[in-house]
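Note sheet for the following structure.
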Amino acid sequence: MSHINNRRELLRLLALSAGAWGLTAPFTTSSAFAQSKDKATTSAPSQPLDQLRIGYQKSAVNLVILKQQGVLEKRFPNTKVSWIEFPAGPQLLEALSVGALEFGLTGDAPPVFAQAAGKNLYYVGAEPAKPESSAVLVLQNSPIKALTDLKGKRIALQKGSSAHYLLVRAVEKAGLLWSDIQPIYLTPADARAAFERKSVDAWVIWDPFYAATELALPTRVITTGVGLSGNNSFYLSSTALANQHPEVLQALFEELTRADRYVQEHRPEAIKLIANFSGLDAGVVSLFLKRRPRSPVGLLNAEAAASQQQVADAFARQALIPKSVRVSDIVWRFAR
88 MSHINNRREL LRLLALSAGA WGLTAPFTTS SAFAQSKDKA TTSAPSQPLD
138 QLRIGYQKSA VNLVILKQQG VLEKRFPNTK VSWIEFPAGP QLLEALSVGA
188 LEFGLTGDAP PVFAQAAGKN LYYVGAEPAK PESSAVLVLQ NSPIKALTDL
238 KGKRIALQKG SSAHYLLVRA VEKAGLLWSD IQPIYLTPAD ARAAFERKSV
288 DAWVIWDPFY AATELALPTR VITTGVGLSG NNSFYLSSTA LANQHPEVLQ
338 ALFEELTRAD RYVQEHRPEA IKLIANFSGL DAGVVSLFLK RRPRSPVGLL
388 NAEAAASQQQ VADAFARQAL IPKSVRVSDI VWRFAR
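Convert by adding 87 to the 1-based position in the sequence shown; the result is the number in this note's numbering.
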């Protein structure tokens with residue numbers, strides 16, 4: 088009975104962590120959040136966590152703060168905490184799905200591609216939307232003035248990333264077909280080089296790459312994610328971590344939310360930490376953070392899951408994933 092009570096208390100605490108940033112009904116037993124029966128698992132008594140391998144990107148502000156401050160190493164003194172940087176979400180989730188990571192943060196599109204490919208992972212947490220933190224960029228002298236001008240153009244983007252979804256929505260808004268454009272799939276670093284060489288006509292990218300390019304080159308923004316893409320951020324984990332160590336997820340959410348408060352309340356110090364980690368100019372980091380809203384971490388609520396289902400449906404409409412997916416099938420819940 089004490090084990091059941093402990094699990095109930097943990098669920099209550101997780102709900103409070105999500106409620107701290109205005110999520111209503113953050114975790115329910117409704118069909119929107121229930122795993123299909125074949126995915127339901129039975130939790131065994133928690134064993135010590137030997138290692139926690141975390142995947143992150145330069146855009147993962149809360150994780151970067153925790154890494155720079157050494158918070159998790161102090162919180163989990165008996166666990167080997169490792170940090171692995173990735174250029175974008177698709178590469179991170181590939182590592183997660185093959186057992187090379189336990190936890191990581193990506194944008195909205197990578198989990199959709201991973202789920203459609205049958206990868207084994209869970210959505211476990213989310214941050215609020217950041218629609219102003221991604222954009223379709225062109226050089227200042229480009230003839231492209233509106234989304235409709237993208238027809239026939241070569242557009243750089245990271246395949247399977249949040250930029251991919253923004254471009255899908257931009258193409259739809261322009262009344263174009265996906266076949267009307269020429270997507271050029273490149274990592275952010277390679278895309279920046281191609282953009283500067285004018286080998287591509289436009290680039291769809293997220294912060295801090297967006298901010299760095301905006302400050303370094305004469306560019307124009309054709310659109311941001313506002314009205315097109317929430318540019319949502321999701322925390323994903325291995326199924327083993329979620330099912331066997333839910334208390335670790337609770338601790339991670341607490342520390343990530345505390346990191347966000349640090350960013351909001353100690354902006355100069357946060358800029359310095361992020362700049363020291365990333366090698367980015369402080370001005371770039373400052374601009375990046377100005378576009379980033381408060382980003383505490385909580386469980387997915389019905390609104391977040393529904394928004395993510397829209398992302399999945401958009402990729403399915405364009406036949407950019409091999410099959411349609413039901414996002415709720417891999418939204419983690421406590422086994423019962």
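Backbone N, C-alpha and C fix where the C-beta goes; we use that ideal spot for every residue, glycine too.
(message) Is the separation between the beta-carbon of Thr300 and that of Leu253 shorter than 9 Å?
(response) no
(message) Taking its Cβ as the centre, do 16 or more other Cβ atoms sit within 10 Å of His251, making it buried, or is it exposed?
(response) buried
(request) Output the distance between the C-alpha atoms of Thr344 and Ser382, rounded to the nearest integer angstrom. (result) 7 Å
(request) Please list the segments of the beta strand (DSSP E) lying wholly inside the segment 291-370, counting only runs of 3 or more residues, in order along the chain. (result) 306-311, 320-324
(message) Below 8 Å on the Cβ atoms is my contact criterion, and I expect Arg354 with Leu376 to pass it. Report the Cβ-Cβ distance as a whole number of Å.
(response) 7 Å
(message) Below 8 Å, how does it come out for the segment 222-232 and the segment 183-202: are there three or more Cβ pairs, yes or no?
(response) no
(request) Ignore the nearest five residues each way along the sequence and tell me which others in Ala406's own chain have a CB closer than 6 Å to its CB. (result) none
(message) Using C-beta distances below 7 Å, list every residue in its chain close to Ala175, excluding the 5 sequence neighbours before and after it, in chain order.
(response) Gln144, Gln245, Ser248, Thr274, Pro275
(message) Please classify Pro135 as buried or exposed, where buried requires at least 16 other C-beta atoms within 10 Å of its C-beta.
(response) exposed
(request) Determine the direct distance from the alpha carbon of Val384 to that of Leu367, and round the result to whole angstroms. (result) 25 Å
(request) Within 10 angstroms of the Cβ of Val255, are there 16 or more other Cβ atoms? Answer buried if so, exposed if not. (result) buried
(message) For chain C, check one thing: does any of its Cβ atoms lie closer than 9 Å to the Cβ of Val287?
(response) Structure shown: chain C not included; a single protein chain is present.
(request) Please look up how many angstroms separate the CB atoms of Glu342 and Val158, rounded, as I've assumed it's under 8 Å. (result) 5 Å
(message) From the DSSP secondary-structure annotation, give me the bridge partner or partners of Val168.
(response) Leu139
(message) For Leu263 and Val308, I'd like the C-alpha separation in whole angstroms.
(response) 19 Å
(message) Between which residues of its own chain and Ala121 is the CB-CB distance below 8 Å, once the five residues before and five after are set aside?
(response) Residue confidence is low: Ala121 scores 31 on pLDDT, short of 50, so the model does not pin down where it sits. Its coordinate-derived value is still stated next. So the qualifying residues of the chain are Ser415, Arg420.
(message) Leu183 and Ser325 - do their beta-carbons sit closer together than 9 Å?
(response) yes
(request) Work out the CA separation of Glu219 and Lys232 for me, nearest whole Å. (result) 19 Å
(request) Quick one: give me the first and last residue of the alpha helix (DSSP H) that Arg284 is part of. (result) 275-284
(message) What does DSSP give as the partner residue(s) for Ser221 in the beta ladder?
(response) Trp293
(message) Tell me which residues share the same chain as Ile408 and place their Cβ nearer than 7 Å to its Cβ, disregarding the 5 neighbours each side in the sequence.
(response) Val199, Phe200, Ala203, Phe402
(message) Checking 9 Å against the spacing of the C-beta atoms, do Leu150 and Ala391 come in under that value?
(response) no
(request) Report the residue from Leu328, Ala243, Leu192, Leu304 whose alpha carbon sits nearest the alpha carbon of Pro270. (result) Ala243
(request) Determine the DSSP secondary structure at Gly212, reduced to helix, strand or coil. (result) strand
(message) Quick check: what's the CA-CA separation for Trp170 versus Pro230?
(response) 42 Å
(request) Take the Cβ of Val313 as the centre, count every other Cβ of all protein chains shown within 10 Å, and call the residue buried at 16 or more, exposed below. (result) exposed
(message) Quick check on the DSSP output: the beta strand (DSSP E) that includes Arg241 runs from which residue to which?
(response) 241-244
(message) Using CA atoms only, rank isn't needed, just tell me which of Lys359, Ile361, Phe340, Leu315 is closest to Lys397.
(response) With the sequence shown as reference, residue 397 is identified as Gln, and Lys is not the correct amino acid for it. For the residues Lys359, Ile361, Phe340, Leu315, the minimum Cα distance to Gln397 belongs to Leu315.
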